Amino acid sequence: EAGVAQSPRYKIIEKRQSVAFWCNPISGHATLYWYQQILGQGPKLLIQFQNNGVVDDSQLPKDRFSAERLKGVDSTLKIQPAKLEDSAVYLCASSLRTENTEAFFGQGTRLTVV
Amino acid sequence: AQSVSQHNHHVILSEAASLELGCNYSYGGTVNLFWYVQYPGQHLQLLLKYFSGDPLVKGIKGFEAEFIKSKFSFNLRKPSVQWSDTAEYFCAVNGGGKLIFGQGTELSVKP
Chain A
1300 EAGVAQSPRY KIIEKRQSVA FWCNPISGHA TLYWYQQILG QGPKLLIQFQ
1350 NNGVVDDSQL PKDRFSAERL KGVDSTLKIQ PAKLEDSAVY LCASSLRTEN
1400 TEAFFGQGTR LTVV
Chain B
5 AQSVSQHNHH VILSEAASLE LGCNYSYGGT VNLFWYVQYP GQHLQLLLKY
55 FSGDPLVKGI KGFEAEFIKS KFSFNLRKPS VQWSDTAEYF CAVNGGGKLI
105 FGQGTELSVK P
């Protein structure tokens, strides 16, 4: 069974530039999560989708971050414009449903903003 | 608001020592509980999970955890650690369909 795929693996951009991350979840998984993991901290939930609808985006800085999951499968997370403090690993995870199931994680995208 | 707290930021043990990592959460309803591990350079992997039933759950690589509902705790244990257990360990709680992580505990095992 293929795992959660993310791209790119690494990205370096200058502040005020824009960047997009892509995630392909495990086939059949209805729930998709985006997390931000700053060095030395635990993953912080940015946004959670159930199929193509948003379940929770309370921690998403909506003035600069956006995410979509148009067909209920792949998802993109965008940052525009980026700030230095956005430097982190962005993790995508998926699960069969929202409860009583485990989440599977991708390798993550390491973003460096200079 | 839902939250997860891990007691130790960095733990250093010698091989064969016993391990216990603390995890407490705050959420008023039914929860699913998890421990994930992240080995250097690898992605997060599930160690063990609790959904319901026996509060003592066993996971991979000899790890186990006990859910104590009255203490809102889900501590991770291993009787004898190995050098290969060196990694970062994350406790996670799913309350109401929202999966939240603790800040992580870095475990270093000296050979």
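Just so you know, the sequences run in chain order A and B. Residue numbers for the first sequence, in this note's numbering: 1300 to 1413. Residue numbers for the second sequence, in this note's numbering: 5 to 115. For every residue, glycine included, the Cβ atom is placed at its ideal position computed from N, Cα and C. Computed from a predicted structure; not experimentally measured.
Answer yes or no: do residue i and residue j have a C-beta to C-beta separation smaller than 8 Å?
i, j, result
"A/V1353", "A/K1382", "no"
"B/C27", "B/F78", "yes"
"B/G101", "B/G33", "no"
"A/L1331", "A/P1324", "yes"
"B/L50", "A/E1401", "yes"
"A/W1333", "A/D1373", "no"
"B/L48", "A/L1344", "no"
"A/L1390", "A/F1403", "no"
Helix, strand or coil: which one does DSSP assign to residue i?
i, result
"A/I1325", "coil"
"B/K73", "helix"
"A/S1306", "strand"
"B/S88", "helix"
"B/K65", "helix"
"B/F38", "strand"
"B/E19", "coil"
"B/Y2", "Coverage of chain B is limited to positions 5 through 115, which leaves residue 2 of chain B absent and any answer about it impossible."
"B/Y43", "coil"
Got a sec? Which residues, its chain only, sit under 8 Å from residue i by beta carbon, not counting five neighbours each side?
i, result
"A/K1370", "N1351"
"B/D89", "L23, K65, K82, L111 and V113"
"A/I1312", "V1318, A1381, L1410, T1411, V1412 and V1413"
Excluding the 5 residues flanking residue i on each side, which residues of the same chain have their C-beta closer than 7 Å to its C-beta?
i, result
"A/P1307", "T1408"
"A/D1385", "I1378, L1410 and V1412"
"A/A1329", "Q1349, N1350, L1395 and R1396"
"B/P115", "E19 and W87"
By Cβ distance, which residues of its chain are closer than 6 Å to residue i, with the 5 residues on each side in sequence left out?
i, result
"B/H11", "G26"
"B/Y31", "Q6 and G99"
"B/H14", "E110"
"B/S84", "A20"
"B/G63", "L51 and L52"
* Using Cβ-Cβ distances below 7 Å, what residues of the segment 24 to 55 of chain B are close to chain A? -> N36, F38, H47, L48, L50, K53 and F55
* **Short-range partners of chain B found in the segment 1323 to 1355 of chain A, where Cβ spacing is below 9 Å** => T1330, Y1332, Y1334, Q1336, G1339, Q1340, G1341, P1342, K1343, L1344, Q1347, Q1349, V1354 and D1355
* If contact means a Cβ-Cβ distance below 7 Å, which residues of the segment 78 to 110 of chain B contact chain A? -> F94, N98, G101, K102, L103, I104, F105, G106, Q107 and G108
* Jot down the residue ranges of each uninterrupted alpha helix (DSSP H) in the segment 1334 to 1413 of chain A, minimum 4 residues, whole runs only, in chain order. => none
* To do: Below 9 Å between beta carbons is the criterion; list the residues of the segment 1382 to 1403 of chain A that meet it against any residue of chain B, in chain order.
  => L1390, A1392, S1394, R1396, T1397, E1398, N1399, T1400, E1401, A1402 and F1403
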